[in-house]
Amino acid sequence: MADDVARVFAAAIAPDPTRPLLTWYDDATGERTELSGATLANWVAKTANLLVDDVATGPGGTVGVLLPPHWQTAAVLLGCWSAGVTVAGAPGPVEALAGTPGPVDALFAAADRVGEADAWAAGERYALALAPFAAPLRELPAGWADYVIEVRGHGDHFSPYAGGGAELVPHAAGRARELGLAGGDRVLVDAARHPDPVDWLLAPLSVGASIVLCGNLDPARVESRLAAEKATRALT
């Protein structure tokens, strides 16, 4: 078993970095975004470099994450664990993710949650529009930087620090067994029903499965989406 999240991620994409690894749907907007393992790895590397270069954090540091399930959230979380930092604030029961407000080295928040950030003492603050095509925010809140603008200027490669998210790896493997996930699966996930990143991100990755993550999932579209995406498992 891989001993940290970066190695879990690397093992998941190694067989074919070009295959779709994470496909995001938002049934409220009609968005569909598909990322190969290589493309997601690029976002992860850029995020880790942003944390190390701009935030000056790494192993021993803590980053707050106030983001819903989303492909950009995957990039932020995997980037944090690659940089060796502890993540606080993401949804889910896992202690390492649950956290309490600040102080943190950096805070990543969805645009509609920046009001919650007053409770956090954060060194740097990055807001995410979570818009189609990774579009930036139309209006940037005072005191915040735009994640998608800032991250794009960073390097495409990063050598992960050992141990990032190590405590989550056995839990993810256990959840994969509980959810009946196996290598080669393509897993359709209802984001509202499975907001814990261990369920929608780490458990599938731990067995080398690919992910079809659906926000605002329309129940009437589940069967057709399972067929269109050739999904083998559904967490709905």
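Residue numbering for the sequence shown is 157 to 392, as defined by this note's numbering. Just so you know, even glycine gets a beta-carbon here, dropped at the ideal spot from N, CA and C.
Could you compute how far the alpha carbon of residue i sits from the alpha carbon of residue j?
| i | j | result |
| --- | --- | --- |
| C236 | A332 | 22 angstroms |
| V304 | A291 | 7 angstroms |
| V243 | S315 | 19 angstroms |
| A170 | G339 | 13 angstroms |
| E379 | L369 | 15 angstroms |
| H310 | R381 | 35 angstroms |
| E306 | L206 | 8 angstroms |
| W180 | A383 | 16 angstroms |
| V200 | P375 | 31 angstroms |
| V219 | D261 | 6 angstroms |
| A347 | A204 | 25 angstroms |
| A287 | G319 | 32 angstroms |
| A365 | R389 | 10 angstroms |
| Q228 | S238 | 15 angstroms |
| G248 | A275 | For G248, the predicted structure reports a pLDDT of 48, less than 50, and the residue's modelled location is therefore unreliable. The matter cannot be settled from this model. |
| D268 | G371 | 16 angstroms |
| F165 | V363 | 10 angstroms |
| Y282 | W356 | 23 angstroms |
| P351 | I367 | 14 angstroms |
| V241 | L196 | 19 angstroms |
| D160 | P224 | 23 angstroms |
| L177 | V270 | 29 angstroms |
| G336 | A329 | 11 angstroms |
| K386 | R175 | 13 angstroms |
| P173 | D183 | 27 angstroms |
| A265 | G245 | 10 angstroms |
| E280 | L344 | 34 angstroms |
| F289 | A158 | 32 angstroms |
| A359 | T185 | 27 angstroms |
Residues bridged to residue i by DSSP?
| i | result |
| --- | --- |
| P176 | S192 |
| Y282 | F264 and A301 |
| T242 | T218 |
| D182 | E187 and G371 |
| A390 | L344 |
With residue i as the anchor, note down where its alpha helix (DSSP H) starts and where it stops.
| i | result |
| --- | --- |
| R333 | V325 to E334 |
| G235 | W227 to S238 |
| E379 | V378 to A384 |
| L444 | Since the displayed the chain opens at 157 and closes at 392, residue 444 lies outside it and no answer follows. |
| V208 | From DSSP, V208 is part of no alpha helix (DSSP H); its letter is neither H nor E. |
| R165 | Per the sequence shown, residue 165 should be read as Phe rather than Arg. F165 -> alpha helix (DSSP H) spans V161 to I169. |
For the beta strand (DSSP E) containing residue i, name the first residue and the last one.
| i | result |
| --- | --- |
| Y303 | Element bounds for Y303: not the beta strand (DSSP E) but the alpha helix (DSSP H), Y303 to V307. |
| V368 | S366 to G371 |
| V343 | R342 to D346 |
Kindly indicate if chain C contains any beta-carbon less than 8 angstroms away from that of residue i.
| i | result |
| --- | --- |
| D182 | You won't find chain C in this structure, because it holds only one protein chain. |
Task: the region 185-193 touching the region 208-222, judged by at least three CB pairs closer than 8 angstroms - done: Result no; under three Cβ-Cβ pairs closer than 8 angstroms.
Open item on the list: Counting beta carbon pairs with one atom in the region 285-301 and one in the region 322-330, are three or more of them shorter than 8 angstroms?
Closed with: No, they do not touch.
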